[in-house]
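Notes to accompany the following structure.
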Amino acid sequence: MAGQICLLKSVFTAIPLFYLSVFKAPATVHDRISSLQRKFLWAWGKETKTISWVSWKNVCRPQEEGGLGIKEIRSFNTALLAKWKWRIMSDEGGKWKDILLSKYGTETGRGKVRQRYQSWWWKDLAKVCGEGVEEEWFHKAILWKVGDGGLVRFWEDTWLQNNSLKVLYPRLYSLSLDQGKKVEEVGGWEDGRWRWRLNWRRDRHEWESNLEGNMLSSLNTGVICQDSHDHLVWRKDPAGIFSVKSAYSILANHQDIGEMEGVFSTLWQAKAPPKVLLTAWRVLHDRIPTRVNLYRRGVPVISPLCPFCSLSEESSQHLFLDCAFAQQVWSRCYRWLEFWGSITTILGTIC
Ligand SMILES: [Zn+2]
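Sequential numbering from 72 applies to the sequence shown in my numbering.
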């Protein structure tokens with residue numbers, strides 16, 4: 072199985088990498104690739120039907136979070152495509168970027184595709200970056216640092232807090248005549264100081280004026296600087312730079328593993344052959360073919376009792392820790408390694 076994992080990471084993920092870096096694969100292709108990966112991991116070289124012992128979701132977790140670090144292909148595809156989006160919106164670029172922007176307009180990086188006959192590649196890019204849906208994961212992951220205010224949209228872009236002003240002050244946004252305008256268009260320099268000049272559809276009620284006051288006081292913390300340009304920051308990275316790895320970690324959205332945190336990191340650092348580490352990984356997940364586990368999965372077993380002592384059900388806990396036979400094995404191992412103490416004590420020192 073260790074060999075399969077190695078091949079899955081180096082070959083199965085690498086073969087479609089070029090395609091997935093440029094195009095959004097259809098859901099059927101994602102499903103097919105995942106299915107092939109699953110079969111390769113659990114059933115390679117076996118004629119009969121086999122059990123997928125650990126759910127694919129858990130297999131795709133990072134190793135330190137209890138998985139095997141295999142990429143979940145759909146999220147990986149999205150993270151790879153998001154790199155194009157980042158490069159279009161940030162200062163990174165080249166001739167290809169100039170061509171795209173001249174074709175689709177400078178607003179296209181934000182999803183404002185105004186061309187009627189846009190390419191399907193462009194549509195896919197907008198789709199995978201969450202545009203048009205409530206969960207705009209990409210836009211939640213970026214923050215604009217305002218310089219001269221020439222690129223950042225005052226209401227719609229996130230440049231001060233964790234959300235855009237449009238989201239934070241929906242009432243004021245609905246009254247504003249500055250929708251879609253850049254920061255530099257919603258104010259000006261007076262005697263060396265930046266002053267906001269907001270335009271409204273009508274006079275505000277008192278509570279709306281108070282709201283405006285609140286918003287303007289929060290805006291004063293933003294620094295408008297004539298000498299620098301607006302630039303993008305990737306929130307997940309200390310240096311503010313996008314990486315496929317961090318985008319993938321956002322998309323994969325792995326859940327907290329609670330008290331098991333740290334156990335898996337220790338496991339994979341152990342100096343043991345890969346197949347031993349894999350068995351230990353399966354034991355920690357209680358996903359080895361003990362009689363109890365086989366019975367639960369509908370495999371006919373003669374008896375659920377432990378074949379060594381016949382005193383208790385053969386569970387992972389019993390087989391490796393509680394069984395008298397297992398304890399004798401551990402005891403001999405301790406003597407050989409010159410360890411003194413119980414298995415619980417020793418496990419306590421490594422976990
Ligand atoms: Zn036993």
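Note that beta-carbon positions come from the ideal geometry of N, C-alpha and C, so glycine has one too.
The structure displayed is predicted, hence computed values, not measured ones.
Query raised in the report: Do LEU282 and ARG242 come within 9 Å of each other at the CB atom, strictly closer than that value?
Result: Translated into positions along the sequence shown, residue 242 becomes position 171. Translated into positions along the sequence shown, residue 282 becomes position 211. Cβ distance < 9 Å, so ARG242 and LEU282 count as in contact.
Query raised in the report: Quick check: the stretch 91-111 against the stretch 148-155, are there 3 or more CB pairs under 8 Å?
Result: yes
Requested in this report: For the stretch 360-368 and the stretch 338-345, state whether three or more C-beta atom pairs, one from each stretch, are separated by less than 8 Å.
Outcome: no
Query raised in the report: For ligand 1, any of its heavy atoms closer than 8 Å to the Cβ of SER383?
Result: What you label residue 383 is simply residue 312 of the sequence shown in a count that begins at 1. The answer is yes for SER383.
Query raised in the report: Is it right to say PHE225 is buried, meaning 16 or more other beta carbons lie within 10 angstroms of its own, or is it exposed?
Result: On the sequence shown, position 154 is the one that residue 225 refers to. Under this definition PHE225 is a buried residue.
Report task. Below 8 Å on the Cβ atoms is my guess for LEU246 versus ARG266; work out the distance and round it to an integer in Å. Result -> If you number the sequence shown from 1, residue 246 lands on position 175. If you number the sequence shown from 1, residue 266 lands on position 195. Contact flag wrong, Cβ pair sits at about 20 Å.
**Report entry** Backbone secondary structure at SER126 - three-state DSSP
**Finding:** Your numbering for residue 126 matches position 55 in the sequence shown. In the structure shown, SER126 sits in coil (DSSP, three-state: anything other than H, G, I, E or B).
Query raised in the report: Does DSSP classify ILE321 as helix, strand or coil?
Result: As a first step, residue 321 must be located in the sequence shown, where it is residue number 250. If DSSP states are grouped into helix, strand and coil, ILE321 belongs with the helices.
Report task. List in chain order the residues whose CB is within less than 5 Å of at least one heavy atom of ligand 1. Result -> CYS377, PHE379, CYS380 and CYS394
Report task. Check whether the Cβ atoms of GLN108 and ILE141 lie closer than 9 Å to each other. Result -> Numbered from its first residue, the sequence shown carries residue 108 at position 37. Numbered from its first residue, the sequence shown carries residue 141 at position 70. Their beta carbons are under 9 Å apart, which means GLN108 touches ILE141 by this criterion.
Requested in this report: Tell me whether VAL400 is buried or exposed, calling it buried when 16 or more other Cβ atoms sit within 10 Å of its Cβ.
Outcome: Counting from 1 along the sequence shown, the entry for residue 400 is found at position 329. Per the 10 Å Cβ criterion, exposed.
Report task. Put THR179 into one of helix, strand or coil per three-state DSSP. Result -> Residue mapping note: residue 179 aligns to position 108 of the sequence shown, counting from 1. For THR179, the pLDDT reaches just 46, beneath the cut-off of 50, and the residue's location in the model is therefore unreliable, leaving the point undetermined.
Requested in this report: Output the boundary residues of the beta strand (DSSP E) element that contains HIS302.
Outcome: By one-based count along the sequence shown, residue 302 stands at place 231. Residues 302-305.
Query raised in the report: For SER299, which of TRP215, TRP167, GLU332 and LYS211 has the nearest alpha-carbon?
Result: Looking up residue 299 in the sequence shown gives position 228. Measuring from the Cα of SER299, the nearest candidate turns out to be TRP215.
Query - Same chain, Cβ closer than 7 Å to ALA73, neighbours up to 5 away in sequence not counted - result: Residue mapping note: residue 73 aligns to position 2 of the sequence shown, counting from 1. For ALA73, where only same-chain residues beyond five positions count, the Cβ hits under 7 Å are PRO345, LYS346 and LEU349.
Query raised in the report: Mind checking whether HIS302 and GLY218 have CB atoms under 9 Å apart?
Result: Here residue 302 refers to the residue found at position 231 when the sequence shown is read from its first residue. Here residue 218 refers to the residue found at position 147 when the sequence shown is read from its first residue. Contact: yes.
Query - Option in LEU79, VAL334 and LEU392 with minimal Cα separation from ILE135 - result: The residue given as residue 135 occupies position 64 in the sequence shown. First, the amino acid is wrong: residue 135 is Glu here, not Ile. It is VAL334 whose Cα lies nearest to the Cα of GLU135.
**Report entry** Identity of the residue in VAL354, CYS404 and TYR319 nearest MET331 by Cα
**Finding:** The residue labelled residue 331 in the question sits at position 260 within the sequence shown. Ranking the options by Cα distance to MET331, first place goes to VAL354.
Query raised in the report: Between the C-alpha atoms of THR179 and SER173, what's the straight-line distance to the nearest angstrom?
Result: Looking up residue 179 in the sequence shown gives position 108. Looking up residue 173 in the sequence shown gives position 102. Here the model assigns THR179 a pLDDT of 46, short of 50, so the residue's position is not dependable, and the following value carries that caveat. So the two alpha carbons sit approximately 10 Å from each other.
**Report entry** Enclosing beta strand (DSSP E) for GLU261 [first to last residue]
**Finding:** Looking up residue 261 in the sequence shown gives position 190. Unbroken beta strand (DSSP E) run through GLU261: 258-261.
Requested in this report: Report the residue from TRP260, SER289, LEU269 and VAL199 whose alpha carbon sits nearest the alpha carbon of ASN233.
Outcome: Counted from its first residue, the sequence shown places residue 233 at position 162. Among TRP260, SER289, LEU269 and VAL199, the Cα nearest to that of ASN233 is on SER289.
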